Amino acid sequence: LFLTLFTGYFLLYCVRKSFSFASPYIMEEEKLEKNQLGMVVSSQMLGYTISKFLSGVVVDSSSPSKMFSLSLFLTGFTALLFTLFNSVSLFSILWFLNGLSQGPSWPSCAILLKRWFPASQFGTWWSALSSASNLAGSVGPLLITTLIYYFGWRTALCIGGVMCIVISIYIFSSISDSPSKTSNAKKSDDRTPPAKASKKLLLNILKEPVFVGVCINYLLISMIRGGCSDWGQLYLIQDKGHSLVTGFLFTSSQEMGGFIGSLSAGYFSDFLLKVRTWFLFSIIFPVFGCLFMLLYYVTAASYQIMISVIGFGLGFGLYGVISLYGVTAMESAPVGLEGTAHSIASLSANVGVVISGYPLSLMAEYYSWYAVFQLLAVV
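Here the sequence shown is numbered in my numbering, starting from 12 and rising by one per residue.
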């Protein structure tokens, strides 16, 4: 089960970030401006934000395995459609639909993890599965670059779309919602509270200071992560004068750092619960330090290894914190409302990612990428 979920989410994330990975090539081939790139990126995240919020509520009372399968299929299908057009408006519309398609994926995976694995290991399995996105972000730029070099960016996106469709069919036909139908039925009875009780519990969640704090910090951290992930390579290429290879290595090193950071956060979440808060605060400092170095120490003459180390530090800190926020949101939810609570927290996170798209690209258009990363350091 875990390997299937990991592979499915890995492919889905590759498709989600494929436009950002290929943005230098698309920008050159399609003659796009910075703000047009940002519009396409933000349109996808806007669709993802809306869909993830709504689907988190729906998945509490539906089949998570079927929802995940449907999400993969529609993600692959819209990616294939995307490659058939060449106007910014259609790019934005289709990437918005792609974002809508991806919304049910993570809430469905989270529910499946909670049903299939022991509660005492939930943080570890959560972090291990979320690291699929880091692995995709690490190897994705290299895969995309290779495919674009030999076949062009449209074929590269098509390959990802087809692979998503193939694994969606496998998941639909082979993955169950819980270890057995009997336990599944029992859990459905136990986990679904009456409508009035659900509303009361939901209001209690929204009044919880810890949960509200998680949501606010989730938004800010996600804005920084989105800005570093989507625009870091363009900042290095256009403002600092580095090569495409250096830009891709910076993006990959962020995701590799995120892979380690997510797994570390899962370990602290499950086995060292007493120091979780300390870990959460201490892991923020490397993020600020790396942003400071990126702004004031990286020049056109800087070595690739130095830039990669900075990217690794950014990824380690950002993804570690994000992983802990997700676990905290799920664990603070009453029985039967895990998907809803996670969707509310994710809504905050995705608003941050939307802000990191078009608004930041517009800022870069009028000022520079340097100004954008100064803002991220202040945040």
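Virtual Cβ for every residue (Gly too), placed ideally from N, Cα, C. Remember, predicted model here, so these are calculated numbers, not experimental data.
Report the option in Trp-242, Met-317, Gly-272 and Ala-375 whose CA atom is closest to the CA atom of Phe-32.
Trp-242
Throw me the rounded Cβ distance for the Val-298 and Ile-235 pair, which I believe falls under 8 Å.
About 7 Å separates the beta carbon of Val-298 from that of Ile-235, a gap short enough to meet the 8 Å contact definition.
Considering just the uninterrupted stretch of the alpha helix (DSSP H) at Ile-122, what are its terminal residues?
116-127
Checking 8 Å against the spacing of the C-beta atoms, do Tyr-394 and Ser-116 come in under that value?
Absent from the structure is residue 394, since the part of the chain shown begins at 12 and ends at 390.
Tell me whether the segment 57-69 and the segment 131-144 touch, counting them as touching only if at least three CB pairs, one residue from each stretch, are closer than 8 Å.
no
Alpha carbon to alpha carbon, how far is Gln-315 from Gln-265? Give it in angstroms, no decimals.
13 Å
Measure the C-alpha to C-alpha separation of Glu-39 and Trp-164 and round it to an integer number of angstroms.
11 Å
Own chain residues within Cβ distance below 8 Å of Gly-300, not counting five before or after
Result list for Gly-300: Gly-324, in chain order.
At a cut of 8 Å, does the segment 183-190 reach the segment 86-105 through at least three beta carbon pairs?
no
Neighbourhood of Val-364 by C-beta, 6 Å cutoff - its chain only, sequence neighbours within 5 removed
Met-56, Ser-233 and Gly-237
Rounded to the nearest angstrom, what separates Gln-113 and Val-309 at their Cα positions?
Going from the Cα of Gln-113 to the Cα of Val-309 covers about 35 Å.
Going by DSSP in three states, Gly-171 sits in which element: helix, strand or coil?
helix
Any chance the segment 154-171 sits against the segment 76-85, with 3 or more Cβ pairs inside 8 Å?
no
Where Leu-217 and Gly-224 are concerned, what is the direct C-alpha to C-alpha distance, given to the nearest angstrom?
10 Å
Cutting at 8 Å between CB atoms, please list the residues of its own chain near Lys-42, excluding the five before and the five after it.
No residues qualify anywhere along the chain.
Do Ile-122 and Cys-226 come within 8 Å of each other at the CB atom, strictly closer than that value?
Not closer than 8 Å, so no.
Take Gly-87 as the anchor and find which of Ser-73, Gly-49, Ser-29 and Ser-53 has the nearest alpha-carbon.
Ser-29
Quick one: Cα of Leu-386 to Cα of Ser-367, how far?
11 Å
Quick check on Lys-192: does DSSP put it in helix, strand or coil?
Reliability of the predicted coordinates at Lys-192 is poor, the pLDDT of 48 falling under 50, and the value obtained from them is presented with this limitation in mind. Helix at Lys-192.
Does any CB atom of chain C fall closer than 8 Å to the CB of Gly-243?
Note that chain C does not occur in the displayed structure, where there is just one protein chain.
Going by C-alpha to C-alpha distance, which of Ser-74, Leu-371, Lys-251 and Leu-124 sits closest to Ile-318?
Lys-251
Using a Cβ-Cβ cut-off of 7 Å (strictly less than) and excluding sequence neighbours within five positions of Ile-178, which residues of its own chain qualify?
Thr-18, Gly-19, Leu-22 and Leu-83
Taking DSSP as the reference, what is the three-state secondary structure of Val-221?
helix
Would you mind reading off the limits of the alpha helix (DSSP H) that contains Ala-147?
133-162
Is Tyr-229 near Phe-384, with beta carbons less than 8 Å apart?
no
Nearest-angstrom beta carbon gap, Gly-151 and Cys-25 [assumed within contact, 8 Å]:
5 Å
To test your reading of the DSSP string, which unbroken alpha helix (DSSP H) runs of 4 or more residues are found completely within the segment 354-381?
369-377
Based on Cα-Cα distance, which residue from Ala-340, Pro-35, Gln-132 and Leu-154 lies nearest to Pro-220?
Ala-340
Buried or exposed, going by whether 16 or more other CB atoms sit within 10 Å of the CB of Ile-155?
buried
Unbroken alpha helix (DSSP H) run spanning Leu-91, endpoints
75-93
Can you list, in chain order, the residues of its chain whose CB lies under 8 Å from that of Ala-392, leaving out five sequence neighbours each side?
Lying outside 12 to 390, the shown extent of the chain, residue 392 is not represented and no answer is given.
Just the C-alpha distance for Val-390 and Leu-105, rounded to the nearest angstrom, thanks.
31 Å
With DSSP run on the structure shown, which of helix, strand or coil describes Asn-228?
Looking at Asn-228 - three-state DSSP - the assignment turns out to be helix.
Closest residue to Arg-126 among Ala-276, Pro-35, Ser-74 and Ser-359 (Cα-Cα distance)
For Arg-126, the nearest C-alpha among the options comes from Ser-74.
Hey, out of Leu-373, Thr-257, Trp-137 and Ala-352, whose CA is closest to Leu-274's CA?
Trp-137
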